[in-house]
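The block underneath contains the structure these notes are about, expressed in C-alpha cells.
4 protein chains.
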Amino acid sequence: MSAEKNKQQLKKELSYQNIVETATKLFAQNGYDKTSVDDIMKESGYSKATFYLHFESKDEFFLHLMDYRLKQFEEEFFKLFKPENNLKQTILNGLRLFFELTERDLWAPIFFEFWSHAMRNDMIKERMQDHYSKWIRLASSVFEQARSTENLPNTINTEAVASLIIALCDGFNLQNQINANLKIDVG
Amino acid sequence: MSAEKNKQQLKKELSYQNIVETATKLFAQNGYDKTSVDDIMKESGYSKATFYLHFESKDEFFLHLMDYRLKQFEEEFFKLFKPENNLKQTILNGLRLFFELTERDLWAPIFFEFWSHAMRNDMIKERMQDHYSKWIRLASSVFEQARSTENLPNTINTEAVASLIIALCDGFNLQNQINANLKIDVG
Amino acid sequence: MSAEKNKQQLKKELSYQNIVETATKLFAQNGYDKTSVDDIMKESGYSKATFYLHFESKDEFFLHLMDYRLKQFEEEFFKLFKPENNLKQTILNGLRLFFELTERDLWAPIFFEFWSHAMRNDMIKERMQDHYSKWIRLASSVFEQARSTENLPNTINTEAVASLIIALCDGFNLQNQINANLKIDVG
Amino acid sequence: MSAEKNKQQLKKELSYQNIVETATKLFAQNGYDKTSVDDIMKESGYSKATFYLHFESKDEFFLHLMDYRLKQFEEEFFKLFKPENNLKQTILNGLRLFFELTERDLWAPIFFEFWSHAMRNDMIKERMQDHYSKWIRLASSVFEQARSTENLPNTINTEAVASLIIALCDGFNLQNQINANLKIDVG
DNA sequence: TATGAATGAGGCTTCATTCAT
DNA sequence: GATGAATGAAGCCTCATTCAT
Chain A
1 MSAEKNKQQL KKELSYQNIV ETATKLFAQN GYDKTSVDDI MKESGYSKAT
51 FYLHFESKDE FFLHLMDYRL KQFEEEFFKL FKPENNLKQT ILNGLRLFFE
101 LTERDLWAPI FFEFWSHAMR NDMIKERMQD HYSKWIRLAS SVFEQARSTE
151 NLPNTINTEA VASLIIALCD GFNLQNQINA NLKIDVG
Chain B
188 MSAEKNKQQL KKELSYQNIV ETATKLFAQN GYDKTSVDDI MKESGYSKAT
238 FYLHFESKDE FFLHLMDYRL KQFEEEFFKL FKPENNLKQT ILNGLRLFFE
288 LTERDLWAPI FFEFWSHAMR NDMIKERMQD HYSKWIRLAS SVFEQARSTE
338 NLPNTINTEA VASLIIALCD GFNLQNQINA NLKIDVG
Chain C
375 MSAEKNKQQL KKELSYQNIV ETATKLFAQN GYDKTSVDDI MKESGYSKAT
425 FYLHFESKDE FFLHLMDYRL KQFEEEFFKL FKPENNLKQT ILNGLRLFFE
475 LTERDLWAPI FFEFWSHAMR NDMIKERMQD HYSKWIRLAS SVFEQARSTE
525 NLPNTINTEA VASLIIALCD GFNLQNQINA NLKIDVG
Chain D
562 MSAEKNKQQL KKELSYQNIV ETATKLFAQN GYDKTSVDDI MKESGYSKAT
612 FYLHFESKDE FFLHLMDYRL KQFEEEFFKL FKPENNLKQT ILNGLRLFFE
662 LTERDLWAPI FFEFWSHAMR NDMIKERMQD HYSKWIRLAS SVFEQARSTE
712 NLPNTINTEA VASLIIALCD GFNLQNQINA NLKIDVG
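Chains as they are written, first to last, in the numbering used here: chain A, 1 to 187; chain B, 188 to 374; chain C, 375 to 561; chain D, 562 to 748.
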C-alpha cells in the first residue's frame, strides 16, 4: 500500500521535475512569452493537460519556477561558500563561486527573464527584492566581520558596497550574454 | 507640387514619430510580447493598417525602434558630454549625465527589453554589440588620454576597466528597477 | 460474508446517494453544462474516477438523475395528496401541495434543466412526456370523478383542462424564478 | 466616398446579421453551451476571428442576442396587436398573435434558453424582468380600460390576472415543446 | 495615404474519460 | 471498490498580417 502510493507519487514527481527542467531550458532559450505551454509539454513528452495537473496557470507556474530556481541557486551557493579569515580571499571565493554557478546550465538568460518580469509584475518584483536582500545581507555581513580583522574605514557603508559589487556581477553577466569572449579573471 | 509632396512627407513622418514614441512607451510598460500592434496603433490614434505602411512586420519594427532609441541616446549623451582635463571629473561628468538620461522617460525598461531580445536574436545582438563597443571605446579613449596627464599604470587594461564601469552602471540600473529607493551619489 | 457484501453494498449506495444529491444541487445552481464531473465529485468528497464506477457517462448520469428526481417528486406528491369529495377542495389541495414541494430544495431550477434537455434529446423528451402524461391523467381522473358529484358540463375536455392547469403551474414557477416576490395565494 | 463607406458598412452589417441569425438558430437547436463560437462561424461562413470583430465575448454576445430578439418580438407584436372595444376579442387577438409569432422560426426554444440563463445570471435576469414587466403592463392596461366598458369587479387585481395569463402561455409553450400535437384553439 | 473588414494560426485552459495501481 | 495520474479533444480568445476600397 505504502509502496503503491510511493510509486504513484514518484511518477507524479517525475513528471513535475521533467516539466520544470524543460520549461527552464525553453524559457532560457526563447523567453517566457515565446514559449508556449504546448512547447513545454511536447518537449517533456507529456500531454498538455498534464501541465494543469501540476500548476494552475502559466503565470502561476512562472512564479513557482522562479522560487524554485532562485532558492536552488542560493542553496548551492551557500553550500559551497567558505568565508575565510582573509577578506580579500573571501570575496574572491564568493565571486569565483558565483560565476561558476552562473555559467552552469542557462542560468543567466533565465535569470534575466526573471528580471524582465520583475519590472512589470509586483508579485515577481517582491520575490526579486527578497532575493537581492539576501545577497546584500550576506556580502554586507562579510564586510562587517572584516572590520575587526582588516582596516576597513568606519565610514564605509557596507550595504552600499555590497549592492555595487552585486551590480557589477549582474552587469558583467549581462555583457557576457552578447559577448561570450568577455572573461573575468577573478584572482 | 514639391510643396505637396513635402506636406505628405511631413505627414508620414509625423505618424512615424507618433508610432515610435507610443510603441516605446508601451514596450517599456508592458514588454514587447505583451504589446500588440493593435495596442500601439489604438494609442497612437492611427488605424492598424497604417502600421504596415511604415514597417514590414512587428519584428522589423522592433529593430527600427532599437536603432532609433540607441542612436538618440548616444546623440544626447555625446552632445552634452564634456571631457575635462581632470580624469576623475570627466568620469563623474559622464556618470552623472548617463544616469540623468537614464532616468528620463522610461529608458531603463525599454533598454532591458532590448537586452532581452539581444540574447535570442542575432541581428539584435549585433546591434547591442555595436552599441557597447561605442561606449567602451569612448571610456577607453578617455583613460588612454589620461595616461599622459595622470599617473595611470601602464599595466591597466583600459578596455577591461571601461567594460566594468559600464557593467556597474547597468547592474545599478537593474537594481534600481525593483528598488526605487536606491540612490547613487555621483561625486 | 453476506454481511460483508451488505456492507459494501451499503457503502456503494451511500456514495451513489451522495453523488446524486450533490449533482442535483450543482445542476440546479449552475446548470448541467457549467457543472463538471470534477465539480460534482470534489463536492461529494469522492474521487473523480468513482463517478465512472457508478455511471457510464455524464449524459447517462443525467438520465438517471432525472428518473430519480421525477419519481421522487411524484412519490412525495402521491403520498401526501388527498382527494376529497369536493372538487374545488381537491384542486386546492393539489396545487398547495405542488407548490410546497416545488419550493423545497431547488426543485424549480433543476426541473427546468430537465426541460431544457428534453427539447433537444429524444430520450429525455420521452421521459418528460411520460411524466406529464401521469400528471394529466391524474388531474383528468379527478375531473372525471367529479362529473358525477358536481355539475361539470359533459362537453368539457378534461385532458385539455388538466393540461392547462399544469401549464399554469409551470408558467407560474417560471416567473417565480426571476421574480421571487410573486406569491400565489392558493385558496 | 460616402458610397465607399456605405459599401464597407453594408458588408459589416451583412456579416453581423448573418452571425446573429445563425447563432439564434444554433442556440435554439443545441443550446448555448453546446453551441461553440466555432460552430456559429463555420455555419455563417465567416472565420472565427470575425466573431470578435463584432462582439467582445460569447457571453456578451448572448446578452446582445437576447436584447435583439426580445425587442424584435415585442416590436412585431405591438405592430400587429389591435385592441378592440370588446375585451374578450382583444384578449383573443393578443393570444392568437402571440402564438403565431411564437411558432415562427424557433422562437420557443431560444426563448427558454433565455430563461435558463436568467435563472443563473443577474444581468440576464434583469432583462427578463423588464421584458415581463412590459407584457404585464400591457395586459394589465387592457383590463383597466375594460373596467369602464365591461362589468369587471373592482376587486380584481389586474396585474395578477395578467401575470397568470402570461404564465399560462409560457406553460403551454413549454408543453408544446415535447408534445407537438398539443393544439390550442383560441377563440 | 489611410483604413475597416477579415482571417489563419496559435495560445491558454477545461473537461469527460481511461487506466494502472 | 476506490483513486490519482494522464490525456485527446475541444472551447474561448488574441494577434500579426492582408486586402479591397
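Even for Gly, the Cβ is constructed at its ideal location relative to N, Cα and C.
These figures come from a predicted structure and were not determined experimentally.
Should residue i and residue j be called a contact, given that it needs their Cβ atoms to be closer than 8 Å?
i: F472/C; j: C543/C; result: yes
i: G358/B; j: A167/A; result: yes
i: E635/D; j: K572/D; result: no
i: L65/A; j: V20/A; result: yes
i: F451/C; j: L475/C; result: yes
i: A571/C; j: N550/C; result: Because residue 571/C is not part of the residues shown, which for chain C are 375 to 561, the question remains open.
i: S231/B; j: N205/B; result: yes
i: L461/C; j: E524/C; result: yes
i: L279/B; j: K212/B; result: no
i: H505/C; j: L444/C; result: yes
Within 10 Å of its beta-carbon, does residue i have 16 or more other beta-carbons around it, so buried, or fewer, so exposed?
i: A741/D; result: exposed
i: Y68/A; result: exposed
i: N567/D; result: exposed
i: R688/D; result: buried
i: L575/D; result: exposed
i: A584/D; result: buried
i: I739/D; result: buried
i: F238/B; result: buried
i: M228/B; result: buried
i: S349/B; result: A quick correction: the sequence has Ala, not Ser, at residue 349/B. So A349/B ends up on the buried side.
i: L361/B; result: buried
i: I717/D; result: exposed
i: M684/D; result: exposed
i: Q8/A; result: exposed
Tell me which residue opens and which closes the alpha helix (DSSP H) that residue i is part of.
i: Y155/B; result: Nothing about residue 155/B can be reported from this structure: the residues present for chain B run from 188 to 374 only.
i: Y255/B; result: 245-267
i: G592/D; result: Element bounds for G592/D: n/a, residue is neither H nor E.
i: E159/A; result: 158-178
i: D504/C; result: 496-523
i: P670/D; result: 668-679
i: R283/B; result: 274-290
Report task. Count the C-beta pairs between the stretch 697-710 of chain D and the stretch 516-525 of chain C that are closer than 8 Å, then say yes if the count reaches three, no if not. Result -> no
Query raised in the report: Should the stretch 479-499 of chain C be regarded as contacting the stretch 388-406 of chain C, the criterion being three or more beta carbon pairs within less than 8 Å?
Result: yes
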